[in-house]
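I have placed the structure first, in the form of structure tokens, so that the comments after it can refer back to it.
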Amino acid sequence: MNKKFFITTAIDYTNDAVHIGHSYQKILADAIARYHRLLGEETYFLTGTDEHGQKVEKSAIEKGVEPKKFVDEIAAEDKAEWDALNISYDRFIRTTDPDHIKFAQEFYLKAKTSGDIYLGKYEGLYCEGCEAYYEESELVDGKCPFHPNRELIKISEENYFFRLSKYQNFLQKYIEGHPEFVIPETKRREILSFIKNGLRDFSVSRQSVSWGIPVPDDPKHTIYVWFDALINYLTYGVEKKSWPADLHVLGKDNQRFHAIYWPAMLKSAGYELPKTILVHDFISLNGQKISKSLGNVIKPSELTKDFGVDGVRYYFLRFGPSTNDVDISLEKLKTIFNSDLANGLGNLVARVAGLSERSEFTTSKPKKLSFSKEVVKAIEKYEVDKALELIWGEIKKADVFINERGVWNLKGKQKEAALTYLINRIRQVASDLKPFLPETAEKIEKQFKGPKIKSEKPLFPRLD
RNA sequence: GCCAGCGUAGCUCAAUGGCGGAGCAAGGAUUUCAUAAGUCCGAGGUUAGAGGUUCGAUCCCUCUCGCUGGCACCA
Numbered sequence: 001m002n003k004k005f006f007i008t009t010a011i012d013y014t015n016d017a018v019h020i021g022h023s024y025q026k027i028l029a030d031a032i033a034r035y036h037r038l039l040g041e042e043t044y045f046l047t048g049t050d051e052h053g054q055k056v057e058k059s060a061i062e063k064g065v066e067p068k069k070f071v072d073e074i075a076a077e078d079k080a081e082w083d084a085l086n087i088s089y090d091r092f093i094r095t096t097d098p099d100h101i102k103f104a105q106e107f108y109l110k111a112k113t114s115g116d117i118y119l120g121k122y123e124g125l126y127c128e129g130c131e132a133y134y135e136e137s138e139l140v141d142g143k144c145p146f147h148p149n150r151e152l153i154k155i156s157e158e159n160y161f162f163r164l165s166k167y168q169n170f171l172q173k174y175i176e177g178h179p180e181f182v183i184p185e186t187k188r189r190e191i192l193s194f195i196k197n198g199l200r201d202f203s204v205s206r207q208s209v210s211w212g213i214p215v216p217d218d219p220k221h222t223i224y225v226w227f228d229a230l231i232n233y234l235t236y237g238v239e240k241k242s243w244p245a246d247l248h249v250l251g252k253d254n255q256r257f258h259a260i261y262w263p264a265m266l267k268s269a270g271y272e273l274p275k276t277i278l279v280h281d282f283i284s285l286n287g288q289k290i291s292k293s294l295g296n297v298i299k300p301s302e303l304t305k306d307f308g309v310d311g312v313r314y315y316f317l318r319f320g321p322s323t324n325d326v327d328i329s330l331e332k333l334k335t336i337f338n339s340d341l342a343n344g345l346g347n348l349v350a351r352v353a354g355l356s357e358r359s360e361f362t363t364s365k366p367k368k369l370s371f372s373k374e375v376v377k378a379i380e381k382y383e384v385d386k387a388l389e390l391i392w393g394e395i396k397k398a399d400v401f402i403n404e405r406g407v408w409n410l411k412g413k414q415k416e417a418a419l420t421y422l423i424n425r426i427r428q429v430a431s432d433l434k435p436f437l438p439e440t441a442e443k444i445e446k447q448f449k450g451p452k453i454k455s456e457k458p459l460f461p462r463l464d
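In UniProt numbering, the protein residues as written are 1 to 464.
Take a look at the structure:
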């Protein structure tokens with residue numbers, strides 16, 4: 001039986017459609033998924049949408065449509081965005097999918113059977129101005145930071161709670177004993193220090209929110225969105241008999257839910273824990289947070305129009321926020337597009353194709369290639385930026401080779417040897433690029449298949 | 001306020017208790033196979049600031065300044 005590889009991204013909340021801020025994660029996960037698929041592993045790549053909860057309900061009401069209709073539209077939009085980026089998900093799961101709803105309810109009952117769900121009282125301070133709840137620690141002089149003139153209303157509601165506190169020791173020991181559970185290390189330390197500060201039980205149901213999955217044994221309540229959302233991974237993993245997940249890819253805003261709540265929930269319901277949680281940072285645009293209120297939202301599909309799918313993929317994979325927040329801009333994208341893709345990869349391909357065509361060189365059939373060792377090492381550590389850096393090192397070497405040998409001046413056997421060397425190098429580059437720039441890799445492979453190699457249109461026309 | 005992280009070349013970042021590195025941008029030289037692309041070579045730094053430990057600190061410690069994130073049921 002083939003080795004399995006199950007990878008997930010976070011599912012995006014359907015309060016609004018996705019934008020470039022959400023793209024890095026999907027592209028990163030896609031590259032890793034493609035890599036494992038290319039290794040011949042039985043790969044399952046899951047992404048999708050998180051569709052329940054108060055905020056969605058509210059947005060739908062504001063728009064005057066039924067919640068389900070509202071999320072149908074957003075989900076379709078999100079999916080189209082990921083398609084534009086060539087994200088090779090195997091399933092686009094929606095938390096409103098019937099199989100997920102059923103599974104989430106079963107999961108809830110399992111946790112309840114373990115004695116980890118109990119009825120309690122949720123008390124919150126509610127600000128009518130913000131229409132949101134606040135924690136004591138968030139208040140300024142006991143008032144809402146945005147509406148200091150209003151009195152906060154103490155609201156209490158009967159909720160079901162999950163006994164997170166029971167798992168404090170387990171989680172601490174587990175994470176201490178499994179350095180690969182949360183990557184990178186700085187995030188793992190953050191999680192550990194959070195756990196050590198003490199974990200409180202959290203509520204997993206709402207009575208005031210109707211847009212959600214009903215609590216199976218008490219349908220006055222709906223399951224709290226986060227509880228519901230996390231379970232999506234298991235819905236699909238169990239369906240494909242591929243649980244536990246090998247990798248959850250997510251942003252730092254989600255790390256606590258994935259590294260603390262989720263493993264505790266799984267343990268309670270009797271499932272294995274995911275192997276690794278890969279946490280990345282955020283993107284800002286022109287030095288600003290990306291947000292609708294700032295009006296600087298760009299959709300992935302708008303970027304791919306200007307830079308091509310692989311142009312966008314390359315930029316994010318090479319300069320994305322893997323361990324640091326990163327600021328992007330159209331100028332930076334353009335500069336990198338020109339220097340690395342047009343002048344680098346694209347030009348090299350055109351050079352060698354031109355040299356081959358002019359000398360009417362006949363090349364041998366391409367061999368079946370495997371990934372370069374160094375590239376494998378980098379991807380296995382999820383350092384995709386490093387992998388690309390290595391590949392670009394190879395491109396540079398090929399350019400130097402052409403210059404130093406003066407390949408265009410060579411004749412006969414010498415020229416053939418030089419071209420053979422270059423062609424094989426390019427074939428290797430294409431092979432290594434497959435997980436990252438699938439479209440480009442395929443074009444290059446086609447062009448360099450032989451026996452005759454011809455010049456083609458530039459892969460990445462220079463942008464001015 | 002508390003906790004964590006960051007501050008290194010114009011920009012993006014790397015590095016180590018022992019002479020501060022790379023890529024991009026800018027400058028000079030050079031080649032013509034290629035997308036005015038390629039290659040080569042200078043230059044560019046008081047490693048945010050002050051103090052301390054040390055034979056020696058960019059790295060360890062303290063303080064100051066600046067930035068970012070978290071401080072739990074918004075997702």
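In this text, a Cβ means the ideal position worked out from N, Cα and C, and glycines have one as well.
_Burial state of residue 447, where buried means 16 or more other Cβ atoms lie within 10 Å_ = buried
_Tell me the residue span of the beta strand (DSSP E) that contains residue 279._
276–280
*Would you mind stating whether residue 27 and residue 312 have Cβ atoms separated by less than 9 Å?*
yes
_Three-state secondary structure assigned by DSSP to residue 272_ = coil
_Please report the distance separating the alpha-carbon of residue 465 from that of residue 169._
The requested residue 465 is not part of the displayed model; the chain covers only 1 to 464.
_Inter-stretch contact (C-beta, 8 Å, three-pair minimum) for the region 261–278 and the region 231–246_ = yes
*In this structure, does DSSP put residue 463 in helix, strand or coil?*
coil
*List the endpoints of the continuous beta strand (DSSP E) containing residue 330.*
Careful: residue 330 lies outside any beta strand (DSSP E), inside the alpha helix (DSSP H) at 330–336.
*Cβ neighbours of residue 32 in the same chain (closer than 8 Å, five flanking residues each side left out)*: 7, 247, 249, 379, 382, 384 and 435
*What are the uninterrupted segments assigned as alpha helix (DSSP H) that are 4 or more residues long and contained completely in the region 43–86, given in chain order?*
54–63 and 67–84
*Cβ neighbours of residue 242 in the same chain (closer than 7 Å, five flanking residues each side left out)*: 4, 6 and 44
*Measure how close the beta-carbons of residue 90 and residue 46 come, nearest whole angstrom, since I'm counting them as under 8 Å.*
7 Å
_Where residue 14 falls, given that 16 or more other Cβ within 10 Å makes a residue buried_ = buried
*Using the Cα positions of residue 61 and residue 185, report the straight-line distance between them to the nearest angstrom.*
42 Å
*asked:* Measuring only the C-alpha atoms, how far is residue 343 from residue 183?
replied: 34 Å
*Take residue 341 as the anchor and find which of 463, 298 and 423 has the nearest alpha-carbon.*
463
*For residue 261, does the count of other Cβ atoms within 10 angstroms reach 16, so buried, or fall short, so exposed?*
buried
_Distance, residue 285 Cα to residue 166 Cα_ = 42 Å
*Compute the Euclidean distance between the alpha carbons of residue 258 and residue 49, then round it to the nearest angstrom.*
16 Å
*Would you mind stating whether residue 94 and residue 51 have Cβ atoms separated by less than 9 Å?*
yes
*Do residue 333 and residue 398 have their C-beta atoms within less than 9 Å of each other?*
no
*residue 326 to residue 282, Cα distance in whole Å?*
6 Å
*Give the DSSP bridge partners of residue 362, in chain order.*
452
*asked:* DSSP has residue 154 in a bridge; who is on the other side?
replied: 125
*Which residue or residues does DSSP assign as beta-bridge partners of residue 4?*
42
_Let me check one thing: in DSSP terms, what residues is residue 9 bridge-paired to?_
249
*Based on the DSSP output, what are the partners of residue 202 in its beta bridges?*
162
_Please state whether the Cβ-Cβ distance between residue 468 and residue 114 is less than 9 Å._
The structure shown does not extend to residue 468, since the chain is modelled only from 1 to 464, so the question has no answer here.
*Where do the N-terminal and C-terminal ends of the beta strand (DSSP E) with residue 371 fall, by residue?*
Per DSSP, residue 371 belongs to no beta strand (DSSP E) and is neither H nor E.
*So residue 317 and residue 388 are in contact, right, with Cβ under 8 Å, and what is the actual spacing, rounded?*
6 Å
_Quick check: what's the CA-CA separation for residue 164 versus residue 227?_
12 Å
_Identified DSSP bridge partners for residue 214_ = 222
*Inspect the beta-carbon positions of residue 310 and residue 439 and report whether they are closer than 9 Å.*
yes
*Using the beta-carbon count (16 or more within 10 Å), is residue 81 buried or exposed?*
buried
*asked:* For residue 346 and residue 76, what's the separation of their Cα atoms in angstroms?
replied: 34 Å
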